[in-house]
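Asks: Protein chains in written order, with this note's numbering: chain A, 33 to 275; chain B, 5 to 396. The beta carbon of each residue, even a glycine, is placed where N, CA and C say it ideally should be. For clarity, every value in this text was computed on a predicted model and none was experimentally measured. Sharing a structure here in C-alpha cells format.
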Amino acid sequence: MPTLNLSGAMRLLMLAAVFVAGVWSQSSGVIDDFIFYLPDIQFLAVQHIWLTVISGSLAIVVAIPLGTLLSRPSMAKVAESVMQVLNVGTTIPTLAVLALSMSFLGIGTVPAVFGLFVATLLPITRNTYTGLKGVSPALKEAAAGIGMSPTQRLLRVELPNALYVIFAGIRTALAINVGTVPLAFLIGAGGLGELIFTGIDLYDPVMMLSGAIPTAMLAIVVDMLIAITAFLVVPRGVNPSRT
Amino acid sequence: MIRLDNLTKVFDTPKGAVTAADHISMEVPSGEICILLGPSGCGKTTTLKMINRIIRPTSGKVFINGEDTTSLDTQDLRRSIGYVIQQIGLFPNMTIEENITVVPKLLGWDKAKYRERAREMMRMIALEPDAFLKRYPSELSGGQQQRIGVARALAADPPVMLMDEPFGAIDPINRAVIQDEFLKMQQDLKKTIMFVSHDIDEAIKMGDRIAIFRAGKLVQYSEPDELLAAPKDDFVESFLGEDRALKRLNLVKVRDLASEEIGLVRPDDTLDAALTRIEEYGYQNSIVMVNDKRQPVGIVNAAVARTTKGHCRDHFQSVPVVVSLDDDLRKVASLMFANDMTWVPCVDDDGRIVGQITQRAITHHLGSRYRTHSRDDTTLDAAASLSSNDKE
Ligand SMILES: Nc1ncnc2c1ncn2[C@@H]1O[C@H](COP(=O)(O)OP(=O)(O)OP(=O)(O)O)[C@@H](O)[C@H]1O
Ligand SMILES: [Mg+2]
C-alpha cells in the first residue's frame, strides 16, 4: 500500500499548499476549464478502465495456470528455458510491445488489449512459478506423506503458501498495465491517453492534466484494491502483513 | 505389524549408483516401537520412506498387517500410515486445528467428528485446545509445533506410524519431556511404529527393538538390552559407545533384580536380637527397622548393637535411601555410589519394604548377560573367569 511517511511539519506544509492551489484554481478559472473536459474524461476513463480490466484479468487467468504448470516437476526440463524467455520478454519496453502487437494485429482495441496482456502476463507467470518453486520441500513431502493427491497438494498447500508471492506479481503487473494503458491511445484504442497526448500536442496543460490526474488516481486505486484483496485472501499464517 | 522383505533402493546419481538400502528384511511386531539407528547417510530415512512410498523401492516388498502394500493405492496407503517428518512440516497457511484435521478430512469424516477429534488430540498432547486450535504454526514454539506434528500424524488413528527423527529439532530438556509423554501415549495407543533416530540414548529409551544400519545394510536387529549386552560386531560395539554397560542400567527396573529376602527388625526388638539378625543375613554394617506397616523408619548400626544394650527403638538412625520397584538401575547405582552402600531397601507404592537390591545383583546381571552372549571375545571371557574365581 502506498504509505505517506511525512512528518507533522511536512503534512502542514502540504495542507497549506493544497489550500493555496485551491484558491488559485478557483480564481483563475482552471476549474471551469476542467469541467469543460468532464464528459470526455468520463467517456475515456470508462474505455481506459475496460482496457485494464480485460487485459489484466485475461493475464491473471492465463498466467497463474501457466506458472503453475511450469512449476510442476514433470515440466522441470523445459520450465527454466521458458522462464528465461519470459525474463527476456520482461525487459522489452511496453511501448515496443504495443508497437509489435500493432504491426501484427493492426489498429484498435484488440492489439492494445493484446499488448497490455503480454506485458502483464510476464510478471504474474514469473511470480507464480518462483512462488510455487519456493514452497519448502518439507511441506510438499508432508502433504504427500499424509496422503494428499497431487491436486489437493497444489490447492491446499502449494498455492496458499505461494499466494503472497503471486499477489506481489499481480501488483507489479497491474502497475505496469495501468501505466501502459495511456500508450494504447497511440495504436488507436482510446482511453485517457487521448487527453494526455492531445494535450501535449496542443500545448494545453489543462487538457493534459484532465487525462493525467485520473490516470494517476486510477493507478493508486488499482494498487490499493490489490493490496486489500491480498490482505483478505492470503491466509493469515503466511501473510506477512497480517502478523 | 510391519514387515520389510529384501527392500532395496539404488539411487542413480551423476556419480554412479548409490545403494542407500541394501536388501533390508525385518519385522516390527504390532504395538511395538522399532528404532532405526545408525550414522548419517546409512539409509535410515530411505528405508522409512520406502514404507509410505515417498521413495519408490528399487526392489523388495513392504507388508503391513500381513498385506502386501504393492497392490494398494498410494494415497490410500499413506492415509492409513501416520507420518511425522523431521522438519515437522506443519502447513503454515492452516490453523492448528486445520493441520490436525487434514487427514480425517481427506478420509471424509464429518465436521463434528473431526473437530471433536482435534480437541481430543490437543488434550492428548497436553496443549490447551481453546488456546491453540485457532492459532497458526508460526505462533507456536518449536516444541509445541513438534507435538502438533505428532498429533497430526495420530489424528486419523492409523495403526502404523513412521517417524523420522521426530524430536530432533528440540532442546534436550524438552526432548526428554516429549519422549516421556509419547511413551505414555503409546502405552494406550499401541501403534506399530518405525522411528528414525541417530541418538543412541533416545533409541534405548524409546525402542522395543533397535535396528542398527551401516552403509545401507541392516547389521543388527535386537531388543535394546540384547543389543547392549551382545553387539554383533566391532562397528556396532563402537557405535554403542564404551559406556554401554552403564546404558543398560537404564533398561532394567528394580523390580527385575530385587530380592525379597531382607532382614528386618522392629522397634521392640532388643539390640542383641538385631545383632543376631545382622549376622544371620550376613550384613556388614546395619539392618533396617520397620513399623507395623512394614514401612522403614530407621536403621540400626551393627557397631551400636555390639556395644550397647537396650531396644532398637532407642538406638536407630535415619534411613539414608530407599528405591521404588519401578526405578531403573541407573538411579539405584547412582544412589549406591553417592551413599557408599552395597545394598538399598526397596519399597512398594505404599512405602512398605518389599525387598532389597544389592550391588552384587546388579553386577551379576550385567555380567551374566555378557557371558551368555559374548562372542569369542577374550577380554570378556577373562572377566568372566575372574569373577567366578572371586566366588570360590
Ligand atoms: N534422492 C537421492 N538421490 C541420490 N542419493 C540419495 C538420495 N537420497 C539419499 N541418497 C543417499 O542415500 C544414502 C542414504 O541416505 P539417507 O537419507 O537414507 O540417510 P540417513 O541414514 O537418513 O542419514 P541422516 O541420519 O543423515 O538423515 C546417502 O548416502 C545419501 O547420500
Ligand atoms: Mg535421515
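Quick check: does the Cβ of C46(B) come within less than 7 Å of any heavy atom belonging to ligand 1?
Replies: Start at 1 with the first residue of the second sequence, and residue 46(B) comes out as number 42. Checking every heavy atom of ligand 1 against the Cβ of C46(B), one is found closer than 7 Å.
Asks: Looking only at DSSP bridge pairs, what is A21(B) linked to?
Replies: Indexing the second sequence from 1 puts residue 21(B) at position 17. Partner(s): D16(B).
Asks: Is the segment 75-82 of chain A in contact with the segment 223-240 of chain A, if contact means three or more CB pairs nearer than 8 Å?
Replies: Yes, they touch.
Asks: For Y140(B), decide whether its Cβ has a neighbour in chain A, counting only Cβ atoms nearer than 8 Å.
Replies: Here residue 140(B) refers to the residue found at position 136 when the second sequence is read from its first residue. It does; some Cβ of chain A falls within 8 Å.
Asks: Taking 8 Å as the CB-CB cut-off, is N193(A) touching chain B?
Replies: Along the first sequence, read from residue 1 onward, the residue named residue 193(A) stands at position 161. So, interface residue.
Asks: Anything in chain A within Cβ reach of G93(B), meaning under 7 Å, just list it in chain order.
Replies: For the purposes of this step, residue 93(B) is taken as residue 89 along the second sequence, with counting starting at 1. What G93(B) touches in chain A: A170, L171, E173, A174.
Asks: So is the beta-carbon of V22(B) under 7 Å away from any non-hydrogen atom of ligand 2?
Replies: Sequence index remark: in the second sequence, residue 22(B) carries index 18 (1-based). Every heavy atom of ligand 2 is 7 Å or more from the Cβ of V22(B), so no.
Asks: Do three or more CB pairs link the segment 73-87 of chain B to the segment 155-171 of chain B at distances below 8 Å?
Replies: yes
Asks: Just to confirm, are C316(B) and V325(B) a CB contact at a threshold of 8 Å?
Replies: Along the second sequence, read from residue 1 onward, the residue named residue 316(B) stands at position 312. Along the second sequence, read from residue 1 onward, the residue named residue 325(B) stands at position 321. Not in contact: C316(B) and V325(B) (Cβ atoms no closer than 8 Å).
Asks: Take the Cβ of F320(B) as the centre, count every other Cβ of all protein chains shown within 10 Å, and call the residue buried at 16 or more, exposed below.
Replies: The residue you call residue 320(B) lines up with position 316 of the second sequence. Classification for F320(B): buried.
Asks: Measuring CB to CB, does P149(B) end up less than 8 Å from I92(B)?
Replies: In the second sequence, counting from the first residue as 1, residue 149(B) sits at position 145. In the second sequence, counting from the first residue as 1, residue 92(B) sits at position 88. A small fix is needed here, since residue 149(B) is Gln in this sequence, not Pro. Yes, the pair counts as a contact, with Cβ atoms nearer than the cut-off.
Asks: Determine the chain E residues that contact Y87(B) at a beta-carbon separation under 8 Å, and present them in chain order.
Replies: Among the protein chains of the structure shown, namely A and B, there is no chain E.
Asks: Within its chain, find whatever has a CB closer than 7 Å to the CB of V114(A); leave out the 5 residues flanking it on each side and keep chain order.
Replies: Along the first sequence, one-based indexing puts residue 114(A) at 82. These residues qualify, in order along the chain: L102.
Asks: Do T62(B) and V22(B) have their C-beta atoms within less than 8 Å of each other?
Replies: Position 58 of the second sequence, counting from 1, holds the residue named residue 62(B). Position 18 of the second sequence, counting from 1, holds the residue named residue 22(B). No, Cβ-Cβ distance for T62(B) and V22(B) is not below 8 Å.
Asks: Taking only the alpha-carbon atoms, compute the straight-line gap between T247(A) and A95(A) and give it to the nearest angstrom.
Replies: Locating residue 247(A) in the first sequence gives position 215, counting from the first residue. Locating residue 95(A) in the first sequence gives position 63, counting from the first residue. Rounded to the nearest angstrom, the two C-alpha atoms are 25 Å apart.
Asks: Going straight from the alpha carbon of G245(B) to that of S29(B), what length do you get?
Replies: Sequence index remark: in the second sequence, residue 245(B) carries index 241 (1-based). Sequence index remark: in the second sequence, residue 29(B) carries index 25 (1-based). Whole-angstrom Cα-Cα distance: 26 Å.
Asks: Counting contacts by CB-CB distance shorter than 8 Å, is R104(A) in contact with chain B?
Replies: Counting from one through the first sequence, the residue named residue 104(A) turns up at place 72. Not one chain B Cβ lies under 8 Å of R104(A).
Asks: Which one or two residues does DSSP pair with T213(B) in a beta bridge?
Replies: Within the second sequence, numbered from 1, the residue matching residue 213(B) stands at position 209. One point to set straight first is that residue 213(B) is Arg, not Thr, in the sequence displayed. In the DSSP output, where bridge partners are listed per residue, R213(B) has C38(B).
Asks: With 8 Å as the threshold, decide whether the Cβ of I177(B) is near any Cβ in chain A.
Replies: Translated into positions along the second sequence, residue 177(B) becomes position 173. Among the CB atoms of chain A, none fall inside 8 Å of the CB of I177(B).
Asks: For C350(B), which three-state DSSP category applies?
Replies: Indexing the second sequence from 1 puts residue 350(B) at position 346. DSSP places C350(B) in strand when its eight states are reduced to three.
Asks: Which residues bound the alpha helix (DSSP H) around L44(A)?
Replies: Start at 1 with the first residue of the first sequence, and residue 44(A) comes out as number 12. For L44(A), the uninterrupted alpha helix (DSSP H) run begins and ends at 40-60, by DSSP.
Asks: Give a yes or no on whether the C-beta atoms belonging to G140(A) and G220(A) are separated by under 8 Å.
Replies: Within the first sequence, residue 140(A) is the residue found at index 108, counting from 1. Within the first sequence, residue 220(A) is the residue found at index 188, counting from 1. Yes, these two residues count as a Cβ contact at 8 Å.
Asks: Can you tell me the Cα-Cα spacing of I266(B) and L231(B), whole angstroms?
Replies: On the second sequence, residue 266(B) is found 262 positions in, with the first residue counted as 1. On the second sequence, residue 231(B) is found 227 positions in, with the first residue counted as 1. Whole-angstrom Cα-Cα distance: 33 Å.
Asks: Would the C-beta of G355(B) count as close to ligand 1, meaning under 7 Å from any of its heavy atoms?
Replies: Along the second sequence, read from residue 1 onward, the residue named residue 355(B) stands at position 351. False, no ligand heavy atom lies under 7 Å from that Cβ.
Asks: Is there at least one Cβ from chain B nearer than 8 Å to V197(A)'s Cβ?
Replies: Here residue 197(A) is taken as the residue at index 165 of the first sequence, counted from 1. For V197(A), the nearest beta carbon of chain B is not closer than 8 Å to its own beta carbon.
Asks: When the cut-off is 8 Å and only beta carbons count, does V270(A) lie next to chain B?
Replies: Here residue 270(A) refers to the residue found at position 238 when the first sequence is read from its first residue. Closer than 8 Å: yes.
Asks: Answer yes or no: do I73(A) and S273(A) have a C-beta to C-beta separation smaller than 8 Å?
Replies: In the first sequence, the residue the question calls residue 73(A) occupies position 41. In the first sequence, the residue the question calls residue 273(A) occupies position 241. No, the Cβ-Cβ distance between I73(A) and S273(A) is not below 8 Å.
Asks: Determine, using beta carbons only, whether L52(B) and M198(B) come nearer to each other than 8 Å.
Replies: Numbered from its first residue, the second sequence carries residue 52(B) at position 48. Numbered from its first residue, the second sequence carries residue 198(B) at position 194. Yes; because the gap between Cβ atoms is below 8 Å, this pair is in contact.
Asks: Report, in whole angstroms, the separation of the C-beta atoms of R185(A) and K172(A), which I expect to be a contact under 8 Å.
Replies: For the purposes of this step, residue 185(A) is taken as the residue at position 153 of the first sequence. For the purposes of this step, residue 172(A) is taken as the residue at position 140 of the first sequence. Correct: roughly 7 Å between the Cβ atoms.
Asks: Quick one: which chain B residues come within Cβ less than 7 Å of S273(A)?
Replies: In the first sequence, counting from the first residue as 1, residue 273(A) sits at position 241. Those do not exist, as S273(A) stays about 14 Å from chain B at its closest Cβ, beyond 7 Å.
Asks: Compute the minimum distance between the beta carbon of G42(B) and the heavy atoms of ligand 1, and state whether it is under 7 Å.
Replies: Residue 42(B) sits at position 38 when you count from the first residue of the second sequence. Yes, Cβ of G42(B) sits closer than 7 Å to a heavy atom of ligand 1.
Asks: Between V240(B) and I208(B), is the Cβ-Cβ spacing less than 8 Å?
Replies: On the second sequence, position 236 is the one that residue 240(B) refers to. On the second sequence, position 204 is the one that residue 208(B) refers to. No, the Cβ-Cβ distance between V240(B) and I208(B) is not below 8 Å.
Asks: With C-beta atoms as the reference, is V256(B) less than 8 Å away from H369(B)?
Replies: As a first step, residue 256(B) must be located in the second sequence, where it is residue number 252. As a first step, residue 369(B) must be located in the second sequence, where it is residue number 365. Going by C-beta atoms, V256(B) is nearer than 8 Å to H369(B).
Asks: Kindly indicate if chain A contains any beta-carbon less than 8 Å away from that of L110(B).
Replies: On the second sequence, residue 110(B) is found 106 positions in, with the first residue counted as 1. Answer yes: the Cβ-Cβ gap between L110(B) and chain A drops below 8 Å somewhere.
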